[in-house]
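Per my numbering: the sequence shown = residues 44 to 430. Note sheet for the following structure.
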Amino acid sequence: MTAPRPAAAPTQWDVLIVGAGPAGAALAGRLRPQYRVLLLDRPAAMAAGSPRIGESLPGAARVLLQRHGIYARFLAQGHAPRGASVAQWESDTPTWFDPIRDPHGVGWHLDRPRFDAGLRESAVAAGAALVDDGGRLAVSHEDGCWRVDIAAAGPDDASASRGTQRTSVLVDASGRSMAVARQLGLARRGRDRLICLYAHLPADRRDQDQATRICADANGWWYSVRVPSGQRVLAFHLDGDDAELKALRDPACLLAKSQRHALLAGIRPTAMDFAVHAQPAGGGGLDPEAAAALPQGFFAIGDAMLAFDPIASQGLFHALATADSCAHAIGRYLDGASDARTPYLDEMRAVRERYRQRLGETYAAVHRYARERFWLRRTAAAALLSR
Ligand SMILES: Cc1cc2nc3c(=O)[nH]c(=O)nc-3n(C[C@H](O)[C@H](O)[C@H](O)COP(=O)(O)OP(=O)(O)OC[C@H]3O[C@@H](n4cnc5c(N)ncnc54)[C@H](O)[C@@H]3O)c2cc1C
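This is the structure:
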């Protein structure tokens with residue numbers, strides 16, 4: 044990247060990023076101070092409203108956190124070292140994996156709200172402008188530049204509009220919603236209707252188990268892990284049209300079903316006053332070929348580019364990795380390289396192919412349920428990713 048660019052009117056940006064999740068925030072911080080960066084998000088009330096899930100970060104992420112210049116801040120946030128994982132997956136016999144065997148280091152169980160907030164704070168501290176109170180966005184491309192019109196957040200918002208922003212580079216970092224890409228006519232590839240039902244069980248000082256517990260079930264799969272707040276996450280992944288889905292929104296039902304598995308039977312919450320949330324969790328993402336056909340200056344990162352099935356536990360690593368690769372591509376593009384997007388999309392094709400293969404193998408390894416609808420659909424979903 045080159046020398047800082049001169050200041051300009053606040054509606055003209057070098058890079059406008061839609062979505063201040065881990066991917067968008069990491070990219071915004073990384074591009075400062077060289078470039079004028081606007082980071083857009085929705086008001087909290089318009090976002091999902093449920094506590095976030097996704098807390099496992101592999102040791103290999105350390106290098107990315109260092110490259111983004113946020114490793115010291117990250118270490119000060121109080122995340123816990125990742126403990127062993129134990130799985131009843133390929134058979135009913137539990138298999139242990141201790142991350143101490145991972146040459147990149149054990150990794151972390153994140154305090155997820157603190158992790159996400161820390162990335163945003165780092166981006167703002169680096170000088171990125173953050174607007175998180177706008178409403179719907181309208182995106183267009185005119186005169187070789189991207190235009191983003193931001194509507195008022197809602198009927199109570201006195202301003203008719205939050206204004207028009209112009210930018211050389213537009214980045215979709217809006218997660219699985221792919222808010223920008225969909226407006227530009229791109230569809231999500233892979234139609235996996237996987238749903239995650241999850242609860243944060245109340246903190247219990249007697250629960251000192253550090254292991255991530257993973258179990259295959261006939262109509263889905265479980266995981267449970269204790270997070271740094273002391274709460275325990277209990278999550279079940281199943282098909283969106285599973286007849287049991289509605290009943291399992293009841294905390295007692297979810298818990299009773301989990302306790303049929305020896306690995307989860309010891310989970311006994313101190314109180315039953317927890318909510319069960321539902322979140323789409325199927326993998327899938329943009330077709331790199333279709334993205335390449337859009338006008339120059341458009342990029343997608345994180346889940347908006349490729350969302351991973353939670354069994355991969357790779358989404359946050361991918362968010363940081365795509366922010367890293369995309370920062371290089373954007374730097375080259377703003378320096379005049381009109382083909383800067385090509386190597387980035389080539390990298391994304393390779394990531395998608397490796398992920399597709401690994402996902403297919405992971406689900407196919409569960410032989411004892413191979414004839415069940417849930418498991419047949421998962422292997423089919425992995426194949427769909429490349430079509
Ligand atoms: C059940 C489950 C378990 C998971 N477990 C793990 C795990 O253990 N480890 C792991 O690494 N990953 C895990 N993940 C994945 C991980 O959470 C995601 O990969 C990660 O959050 C992606 O970051 P992102 O910044 O791309 O998207 P997001 O975190 O989704 O952020 C997108 C941002 O865009 C904003 N936005 C959306 N639409 C608009 C709009 N129209 N205008 C403005 N802003 C908008 C949102 O408010 C949000 O702030 C899990 C995911 C699920 C579903």
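All residues carry an ideal CB built from backbone N, CA and C; glycine is no exception. Everything numeric in this text was worked out from a predicted model, so none of it was measured.
| task | Provide the residue(s) that pair with Leu349 in DSSP beta bridges, ordered along the chain. | result | Gly328
> With a cut-off of 8 Å, do at least 3 Cβ pairs link the segment 111-126 to the segment 212-232?
Replying inline: no
Tell me which residues share the same chain as Ala432 and place their Cβ nearer than 8 Å to its Cβ, disregarding the 5 neighbours each side in the sequence. Shown here, the chain extends from 44 to 430; a query on residue 432 therefore has no answer.
Item to complete: Compare the C-alpha of Ala242 against each of Gly218, Arg236 and Arg269 and name the closest.
Response: Arg269
So the alpha helix (DSSP H) Pro338 belongs to, where does it begin and stop?
Run containing Pro338: none; DSSP gives neither H nor E here.
(Q) What does the alpha-carbon distance come out to for the pair Gln131 and Ser272? (A) 26 Å
For this session: Compute the beta-carbon to beta-carbon distance between Gly177 and Ile193, rounded to the nearest angstrom, for a pair I have assumed lies under 8 Å.
Result: Their Cβ separation, rounded to whole angstroms, is 4 Å, which keeps Gly177 and Ile193 in contact under 8 Å.
Query raised in the report: If we call anything under 7 Å between Cβ atoms a contact, is Ala321 one with Ile238?
Result: Contact: yes.
#### Entry: Proximity of Gly126 and Ala254 at Cβ, strictly below 7 Å
yes
message: Let me make sure I understand the geometry here. Which of Ala383, Arg411 and His361 has the alpha-carbon closest to that of Tyr398?
response: Measuring C-alpha to C-alpha distances from Tyr398 to each of Ala383, Arg411 and His361 identifies His361 as the nearest.
| query | Can you tell me the Cα-Cα spacing of Val394 and Arg275, whole angstroms? | reply | 31 Å
Taking the runs of the beta strand (DSSP E) that are 3 residues or longer, which of them lie wholly in the segment 266-330? 275-282 and 320-323
Is the CB-CB distance between Val80 and Ala71 below 7 Å?
Contact: yes.
query: Taking the alpha helix (DSSP H) that Arg399 falls in, what are its first and last residues?
result: Note, Arg399: alpha helix (DSSP H), Arg384 to Ala407.
Sheet register partners of Val149 (DSSP bridge): The partner list for Val149 (beta bridge, DSSP) is empty, contrary to what the question assumes.
**Asked** Could you check where the beta strand (DSSP E) with Glu185 kicks off and where it finishes?
**Response** Leu180 to Glu185
- Pairwise C-alpha distance: Ala333 and Pro86: Computed Cα separation, rounded: 30 Å.
- [ ] Specify the secondary structure class of Ser368 as computed by DSSP and reduced to three states.
- [x] In this structure, DSSP gives Ser368 a helical state, which the three-state scheme calls helix.
message: If you follow the alpha helix (DSSP H) that Asp159 is in, where does it begin and where does it stop?
response: Arg155 to Ala168
| message | Restricting to Cα atoms, I'd like to know which of Ser128, Pro146 and Phe158 is closest to Gly97. | response | Phe158
Note to self: Pull the bridge partners of Phe140 from the DSSP assignment, please.
What the structure shows: Ser128
### Query
When burial is assigned at 16 or more other CB atoms within 10 Å of the CB, is Ile143 buried or exposed?
exposed
Report yes if the CB atom of Gly358 is closer than 7 Å to the CB atom of Asp235, and no otherwise. no
How many angstroms separate the CA atom of Arg179 from the CA atom of Ala195?
-> 7 Å
Exercise. How is Ala224 classed by DSSP in three states: helix, strand or coil?
Worked result: helix
Helix, strand or coil for His122? Go by DSSP, reduced to three states.
coil
Neighbourhood of Asp175 by C-beta, 6 Å cutoff - its chain only, sequence neighbours within 5 removed
Asp84
Q) Among Gly374, Thr385 and His280, which residue has its Cα nearest to the Cα of Leu240? A) His280
Tell me the DSSP bridge mates of Thr210?
Trp56 and Trp189
- If you measure from the CB of Arg163, is any heavy atom of ligand 1 nearer than 6 Å? no
Given this structure, state the Cα-to-Cα distance separating Ala203 from Val319, to the nearest angstrom. Note that Ala203 scores a pLDDT of 49, beneath 50, so its modelled location is shaky and nothing firm can be said.
Check: According to DSSP, what are the bridge partners of Gly263?
Finding: Asp260 and Leu281
key: Limits of the unbroken beta strand (DSSP E) element including Leu229   = Unbroken run through Leu229: none, as it is neither H nor E.
Q) On the three-state DSSP scale, how would you describe Ile26? A) Lying before the first or after the last residue shown, residue 26 is absent from the chain, which here runs from 44 to 430.
Helix, strand or coil for Ala115, going by three-state DSSP, please let me know. The answer is helix: DSSP assigns Ala115 an H, G or I state.
Use the C-beta contact count for Ala63: other C-beta atoms within 10 angstroms, 16 or more gives buried, fewer gives exposed.
buried
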